[in-house]
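S.K.:
Protein chains: 2
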Amino acid sequence: MPDTIVISIDAMGGDHGPSVVVPAVAIALSRMPELKLRFLLFGDEARLNEELARCPAARPVCEVRPTTLVIGMEDKPAQALRRGKGSSLWNAVEAVKTSEAQAAVSAGNTGALMAISKLILRMVAKELDRPALVASWPTLRGASTVLDVGANVSSDPTQLVEFAIMGQAFHRAVHGVAKPTVGLLNVGSEEQKGHEEVREAHRLMRDGGLPIDYHGFVEGDDIAKGTVDVVVTDGFSGNIALKTAEGVARFVRKLLREAFTSTLRAKLGAVVAGPALRRMMDRLDPANLNGGPLLGLNGIVVKSHGGADARGYANALVVAANLAQSDYSTEINQNMLRLAEVMGREMEGRE
Amino acid sequence: MPDTIVISIDAMGGDHGPSVVVPAVAIALSRMPELKLRFLLFGDEARLNEELARCPAARPVCEVRPTTLVIGMEDKPAQALRRGKGSSLWNAVEAVKTSEAQAAVSAGNTGALMAISKLILRMVAKELDRPALVASWPTLRGASTVLDVGANVSSDPTQLVEFAIMGQAFHRAVHGVAKPTVGLLNVGSEEQKGHEEVREAHRLMRDGGLPIDYHGFVEGDDIAKGTVDVVVTDGFSGNIALKTAEGVARFVRKLLREAFTSTLRAKLGAVVAGPALRRMMDRLDPANLNGGPLLGLNGIVVKSHGGADARGYANALVVAANLAQSDYSTEINQNMLRLAEVMGREMEGRE
């Protein structure tokens with residue numbers, strides 16, 4: 000474990016750029032007083048210095064690395080690969096490759112981040128095709144691991160199986176569960192439900208002799224129930240599930256606020272219940288869940304929501320710092336290598 | 000408007016059958032005391048009579064229509080079409096065709112219900128290909144209409160456009176909004192996001208000259224925000240979004256219950272806040288949202304969740320009764336015919 004944890008930041012990524020990133024650093028520091036943290040901020044020098052001048056708490060631990068090129072939210076991954084070299088996103092990821100930083104964080108274009116990270120850091124095992132974006136989802140039975148939540152737009156059956164392998168390795172490394180159970184997200188639990196991709200992935204996981212503790216199909220409401228440790232889905236459905244859940248959480252916070260200000264009696268109840276109600280509101284704040292790692296890479300890359308505010312972005316920094324200081328990388332790589340090898344053998348054997 | 004509203008029920012559908020259906024009738028009666036309601040219960044005569052004997056409130060308004068054949072949850076739609084004639088599901092839908100009932104309700108196999116309803120009732124316009132299942136979704140700005148939430152496993156661009164047309168017609172008929180806005184669910188709002196189907200549907204709705212008040216792409220969190228009146232998506236993603244949201248709502252209810260029993264102070268707060276807190280819990284109960292119509296058919300067919308309890312099933316009966324007593328059918332058919340005609344012309348013009 001390094002003495003000081005260094006996190007490289009794509010400070011131009013996302014909807015807000017430096018005006019969110021710099022205050023987020025200050026918040027992250029206050030949330031992890033026990034860690035020695037440093038941040039490399041890649042982006043527009045003048046804007047970053049301006050923000051740092053306004054934020055004395057962040058200044059001493061930040062180093063500005065000037066870049067001028069910015070990858071836009073509209074750029075396609077292929078364009079980003081061709082023209083993105085030297086951009087804030089590219090250089091933040093490269094700092095992990097050169098070991099200047101232990102983790103990179105970006106709120107930028109997801110497709111570009113995935114493509115560039117894959118190019119620079121490479122996949123941890125040759126059997127793995129593409130990274131997946133992971134969400135840690137609060138459930139009735141602790142946190143579940145849900146992937147892919149948006150790194151890939153569609154996934155063939157083999158990729159879904161890879162997500163299962165990567166998700167298991169992640170869940171074991173982060174949550175210490177020896178044999179995480181895996182479920183495949185579908186529109187019903189019966190055998191014949193869903194489209195061809197999901198049914199073929201189901202057959203592979205059930206009959207493929209793979210080292211997966213496979214539970215079978217799960218449905219959307221199984222996620223929050225915590226029916227399985229790892230929920231596998233394609234990046235399209237996973238992204239919609241995650242964002243829909245965030246929308247519901249925000250909706251409920253609004254309802255709660257209305258309910259407890261609706262009558263004098265309700266207001267009084269809110270005052271009396273005080274701390275319990277505030278804890279509840281806090282648990283429903285999607286900002287506290289922002290930041291998911293891109294799985295399958297030789298290095299830690301954490302994606303923040305493009306629209307995250309400073310509190311949300313700070314959470315992505317906390318996620319990155321926690322992963323960087325844990326044995327996560329070593330352990331997940333070992334898990335993944337072992338599983339990917341077995342998978343490679345089994346998949347070959349099927350041909 | 001008929002004097003008495005008659006609802007036909009597939010009493011064998013769903014996880015629980017008559018043991019949920021009969022008590023649900025009693026609950027539905029108590030929730031709609033102003034209506035004259037009658038129910039045709041299709042299913043196992045002995046079991047239904049047994050349940051009715053236990054439920055004196057339901058007995059006087061129920062008529063048992065004996066059937067022996069049951070369509071299983073595992074049956075494929077094609078099997079159900081071939082072998083389903085005379086089943087409780089089939090006969091419940093047929094009662095709408097023969098005008099014995101004004102609406103049918105089933106908690107059975109969604110694919111079978113869709114296929115059989117389409118065969119018996121036919122689509123309202125020849126331009127429409129397949130029915131879609133609709134959810135009315137509570138949002139920060141009233142209710143939104145979300146479809147398809149599971150009638151179809153995948154949808155090509157033309158079908159997504161049809162869902163927009165049907166969703167608009169539904170939203171206008173049920174919520175009285177003259178020109179409902181339509182959004183297409185995707186993983187981002189930028190032009191190049193998502194898979195080919197969703198991008199082609201986007202182009203059709205934006206440039207096709209269709210009578211759609213098209214807003215563009217929306218993301219999962221836009222559903223609960225109420226960004227648009229009608230959210231269009233394929234049945235796979237829509238089903239996952241809906242069930243995920245239900246899971247989150249249940250999770251939050253559990254958290255609330257825990258929060259307000261965690262400390263003596265919190266318990267006291269709950270007592271004081273009383274009615275406001277109970278209203279809140281009620282708004283988060285997915286049972287109150289159970290029951291969505293299959294859109295596009297010549298007749299009202301309402302799908303209940305397979306796992307719904309008596310309170311949830313009663314809600315589906317309320318939905319069916321409300322649609323049956325409104326001008327919904329006439330109005331939606333007029334809307335849909337008009338829109339489908341324009342769509343047919345425009346789509347032809349494109350070729």
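If you read the protein sequences in the order shown, they are chains A and B. Everything in the first sequence is counted per numbering that gives the first Met the number 0, starting at 0 for the first residue and increasing by one. Everything in the second sequence is counted per numbering that gives the first Met the number 0, starting at 0 for the first residue and increasing by one. Positions of the beta carbon are idealized from the N, C-alpha and C atoms, including for glycine. Note that the structure is a prediction, hence the values are computed from the model and not measured.
Measuring alpha carbon to alpha carbon, tell me which residue in B:A142, B:H170 and B:P130 is nearest Y327 of chain B.
M.R.: Closest option to Y327 of chain B, Cα to Cα, is B:H170.
S.K.: I want to see whether chain B comes within less than 8 Å of T424 of chain A, judged by CB atoms only; does it?
M.R.: The first residue shown for chain A is 0 and the last is 350, placing residue 424 of chain A beyond what the model contains.
S.K.: Any idea if P17 of chain B is buried or exposed, counting beta-carbon neighbours within 10 angstroms, 16 or more meaning buried?
M.R.: With 16 or more other Cβ atoms within 10 Å, it is buried.
S.K.: Can a CB atom of chain A be found closer than 8 Å to the CB of K302 of chain B?
M.R.: Chain A, which has no Cβ nearer than 8 Å to the Cβ of K302 of chain B, makes this no.
S.K.: Strictly by DSSP, which residues pair up with I4 of chain B?
M.R.: In DSSP, I4 of chain B forms a bridge with B:L36.
S.K.: What does A265 of chain B touch in chain E if you count any residue whose Cβ is under 7 Å from its own?
M.R.: Looking at the structure shown, chain E is missing, and the protein chains on hand are A and B.
S.K.: Would you check if there are 3 or more beta carbon pairs closer than 8 Å linking the segment 177 to 197 of chain A to the segment 124 to 141 of chain A?
M.R.: No, the segment 177 to 197 of chain A is not in contact with the segment 124 to 141 of chain A.
S.K.: Return the CA-CA distance between D2 of chain B and K35 of chain B, expressed in angstroms with no decimal places.
M.R.: Roughly 7 Å between the two C-alpha positions.
S.K.: Confirm, please, whether the CB-CB distance from D9 of chain B to L88 of chain B is below 8 Å.
M.R.: In this structure, D9 of chain B lies closer than 8 Å to L88 of chain B by Cβ.
S.K.: Does the Cβ of I6 of chain B have 16 or more other Cβ atoms within 10 Å, making it buried, or fewer, making it exposed?
M.R.: Under this definition I6 of chain B is a buried residue.
S.K.: 8 Å is my cut-off, CB to CB: does R205 of chain B come that close to chain A?
M.R.: By this cut-off, R205 of chain B is not an interface position.
S.K.: Taking 8 Å as the CB-CB cut-off, is E126 of chain A touching chain B?
M.R.: Answer no: the Cβ-Cβ gap between E126 of chain A and chain B never drops below 8 Å.
S.K.: DSSP three-state call for I299 of chain A: helix, strand or coil?
M.R.: I299 of chain A: strand per DSSP, three-state reduction.
S.K.: Could you say which of B:M31, B:V160 and B:S105 lies nearest to M204 of chain B if we only look at CA atoms?
M.R.: It is B:V160 whose Cα lies nearest to the Cα of M204 of chain B.
S.K.: Name the chain B residues whose beta carbon is nearer than 7 Å to that of R278 of chain A?
M.R.: Going along chain B in sequence order, the residues near R278 of chain A (Cβ under 7 Å) are A258.
S.K.: How about E126 of chain B and A339 of chain B: are their beta carbons less than 8 Å apart?
M.R.: For E126 of chain B and A339 of chain B, yes; Cβs fall inside 8 Å.
S.K.: Taking E245 of chain A as the reference, give the member of A:R202, A:G306, A:M31 and A:A163 with the closest Cα.
M.R.: If we check each option's Cα against that of E245 of chain A, A:G306 comes out closest.
S.K.: Please state if the CB of G193 of chain A and the CB of D104 of chain B are separated by a distance shorter than 8 Å.
M.R.: The sequence shown places Val at residue 104 of chain B, not Asp. No, these two residues do not count as a Cβ contact at 8 Å.
S.K.: Counting only beta-carbon atoms, is H194 of chain B nearer than 8 Å to chain A?
M.R.: Yes, its Cβ sits closer than 8 Å to a Cβ of chain A.
S.K.: T144 of chain B and D228 of chain B - do their beta-carbons sit closer together than 8 Å?
M.R.: Cβ distance < 8 Å, so D228 of chain B and T144 of chain B count as in contact.
S.K.: Less than 6 Å between C-beta atoms, sequence neighbours within five positions excluded: which residues of the same chain meet that for M122 of chain A?
M.R.: Contacts found: G295.
S.K.: List the residues of chain A that E199 of chain B touches, going by C-beta distances under 7 Å, in chain order.
M.R.: By Cβ distance, chain A contributes nothing, its closest Cβ being about 14 Å from E199 of chain B, past 7 Å.
S.K.: Which value, in whole angstroms, describes the spacing of the CA atoms of A77 of chain B and R252 of chain B?
M.R.: C-alpha separation (whole angstroms): 39 Å.
S.K.: Out of curiosity, what's the CA-to-CA distance linking A177 of chain B and E330 of chain A?
M.R.: The straight-line gap from Cα to Cα measures roughly 58 Å.
S.K.: Return the Cβ separation of A269 of chain A and L276 of chain A in integer angstroms, given the expectation that the two are a contact with Cβ distance under 8 Å.
M.R.: Yes, A269 of chain A and L276 of chain A are in contact; Cβ-Cβ is about 6 Å, under 8 Å.
S.K.: What whole-angstrom Cβ distance do A323 of chain B and Q101 of chain B have, given they're in contact under 8 Å?
M.R.: A323 of chain B to Q101 of chain B, Cβ: 4 Å. Contact.
S.K.: By the 10 Å Cβ neighbour count, where 16 or more other Cβ atoms means buried, how is S351 of chain A classified, buried or exposed?
M.R.: Shown here, chain A extends from 0 to 350; a query on residue 351 of chain A therefore has no answer.
S.K.: Select from A:D43, A:G234, A:S116 and A:P292 the residue whose C-alpha is nearest the C-alpha of W168 of chain A.
M.R.: Looking at the sequence shown, residue 168 of chain A is not Trp but Ala. Comparing Cα-Cα distances from A168 of chain A to each of A:D43, A:G234, A:S116 and A:P292, the minimum goes to A:P292.
S.K.: Is there at least one Cβ from chain A nearer than 8 Å to A286 of chain B's Cβ?
M.R.: Judged by the 8 Å Cβ criterion, A286 of chain B is not in contact with chain A.
S.K.: Going by alpha carbons, who is nearest to H214 of chain A out of A:V230, A:I299 and A:A111?
M.R.: Selected option, being the one with the closest Cα: A:V230.
S.K.: Counting only beta-carbon atoms, is N321 of chain B nearer than 8 Å to chain A?
M.R.: No, no contact with chain A.
S.K.: Taking only the alpha-carbon atoms, compute the straight-line gap between M31 of chain B and A319 of chain B and give it to the nearest angstrom.
M.R.: Each residue's Cα considered, the two are about 12 Å apart.
S.K.: For N238 of chain A and V148 of chain A, which I take to be in contact (beta-carbon distance under 8 Å), what is that distance rounded to the nearest angstrom?
M.R.: With a Cβ gap of about 5 Å, N238 of chain A and V148 of chain A count as contacting.
S.K.: Roughly how many angstroms lie between the CA atoms of R310 of chain A and V271 of chain A, to the nearest whole one?
M.R.: If you take the alpha carbons of R310 of chain A and V271 of chain A, they lie about 27 Å apart.
S.K.: In its own chain, which residues sit with a C-beta less than 7 Å from the C-beta of C61 of chain A, not counting the 5 before and 5 after it?
M.R.: Once the five neighbours on either side are set aside, the close Cβ partners of C61 of chain A are V24, F38, L40 and L51.
S.K.: Please classify G71 of chain A as buried or exposed, where buried requires at least 16 other C-beta atoms within 10 Å of its C-beta.
M.R.: Exposed.
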